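If you're matching positions, the sequence shown starts at 1 in UniProt numbering and goes up one per residue.
C-beta atoms are modelled at their ideal positions from N, C-alpha and C, and glycine is treated no differently.
Fair warning: this is a prediction, and the values are worked out from it, not measured in the lab.
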Amino acid sequence: MSGEQPDAVPQATVNEFSILNSFWFALGAFMQQGCDISPRSISGRIVGSVWWFFTLILISSYTANLAAFLTVERMVTPINSPEDLASQTEVQYGTLIHGSTWDFFRKSQISLYSRMWEYMNSRKQVFVKSYDEGIQRVRTSKGKYALLIESPKNDYTNEREPCDTMKVGRNLDAKGFGIATPLGSPLRDPINLAVLSLKENGELTKLMNKWWFDRTECKHYDKQDASRNELSLSNVAGIFYILIGGLLVALAVALVEFCMKSSNRSSNRIPLSDTMTSNSNSKNRLTMPPTAREYDNGRIGYYTPATHTDPDPIHANSHTQIVANSRHDASTLLKRENVPGGVPPAVHDNSCL
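So, in structure tokens, the structure goes:
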């Protein structure tokens, strides 16, 4: 009827955390942007909190390491080759006067080395009289002076305390050193053969490693390149432990919630015997057996004897409306005959069952 309110439809619980929404929630937290959905259960909130903490520490560590990396890059002198050294004037460079390196630059026909020689020759103060003087000048110049020396001496110096020097760039040239003997000396050939044999079987390399690198005084010697400043997994292992621990705690809480909800459902469940009894009583109240029935060509008609008091001739011919569950008609009008005694004959309902 129009005056009755329709029954309220119970709202079903919708799972907002589908696979796509879960990925969207994780991405929003990782990018520090948030999301329009949030977990409601305790276990879901634990997972979300642990994930937020994980992303906070990870992004903060990456940002701090990136800032330190860029700062170190600006502090390091951008000299990694002879070309870098020759193209600037802030860092002075020189060599041992009248030494083999000095003679190499003086006689070189390469344009780069010729330009470097012109720079050094125009500034006589860049030359040093001994290696010790040049090495001490490098250590006290605070990065404003570079000494060009032979690579064996360079490697040996870098392995000695106070370990504050380093080799930069490649070798400028390759030249050999030999043992001088008098002209026509019988020792020349045996010495040449012995040196070649030591070089071929690797003895010279072993001797150099023994006296240069194995006995180094710089225990923590390492190249100060930018690749050493990266974060390793051991530096951020703690946040992964927290993430795994939080997931385990959330799993345990979810299991407890599931058990509690299952227990509440079982306690609120109606026994089967009570349900059957209630249904039986409802049927007895709603079902009214007919007092009589007649079969007419496969159709069933029902009537109920009417209770009459004083017959009223005015209302003798009345119409009774019977609501039948017919396929076509919502109601059927039947005419009651005016018969003595007021007992109507059998009514044939044309409604098909």
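List the endpoints of the continuous beta strand (DSSP E) containing residue 89. Element bounds for residue 89: n/a, residue is neither H nor E.
State the DSSP-derived secondary structure class of residue 207, mapped to helix, strand or coil. helix
Exposure label - residue 82; buried when at least 16 CB within 10 Å: buried
I'd like the list of long-range same chain contacts for residue 165, defined as Cβ closer than 8 Å, with 5 residues on each side in sequence excluded. 135, 138, 139, 157 and 158
What residue range does the beta strand (DSSP E) around residue 146 cover? 145–148
So which of 141, 241, 95 and 110 has the shortest CA-CA distance to residue 153? 95
Alpha carbon to alpha carbon, how far is residue 250 from residue 43? Give it in angstroms, no decimals. 5 Å
Buried versus exposed, by CB contacts within 10 Å (16 or more), residue 62: exposed
Please report the Cβ distance between residue 155 and residue 212, rounded to the nearest whole angstrom; I am assuming they are in contact, meaning their Cβ atoms lie under 8 Å. 6 Å
Pairing CB atoms from the stretch 120–134 with CB atoms from the stretch 143–152, are three or more of them under 8 Å? yes
Write down the C-beta distance between residue 126 and residue 93 rounded to the nearest angstrom, noting that I regard them as a contact closer than 8 Å. 7 Å
So is residue 79 buried or exposed if we call it buried at 16+ other beta carbons inside 10 Å? buried
When 90, 116 and 170 are compared against residue 141, the one with the closest alpha-carbon: 90
Which same chain residues, not among the five before or five after residue 254, have their C-beta less than 6 Å away from its C-beta? 43
Please state whether the Cβ-Cβ distance between residue 46 and residue 16 is less than 8 Å. no
What are the residues that DSSP puts in a beta bridge with residue 96? 128
Residues near residue 218 in its chain [Cβ-Cβ closer than 8 Å; skip 5 each side]: 158, 159, 160, 161 and 163
In this structure, does DSSP put residue 258 in helix, strand or coil? helix
Which of the three DSSP states is assigned to residue 33 in this structure? coil
Straight-line Cα distance separating residue 196 from residue 238: 56 Å
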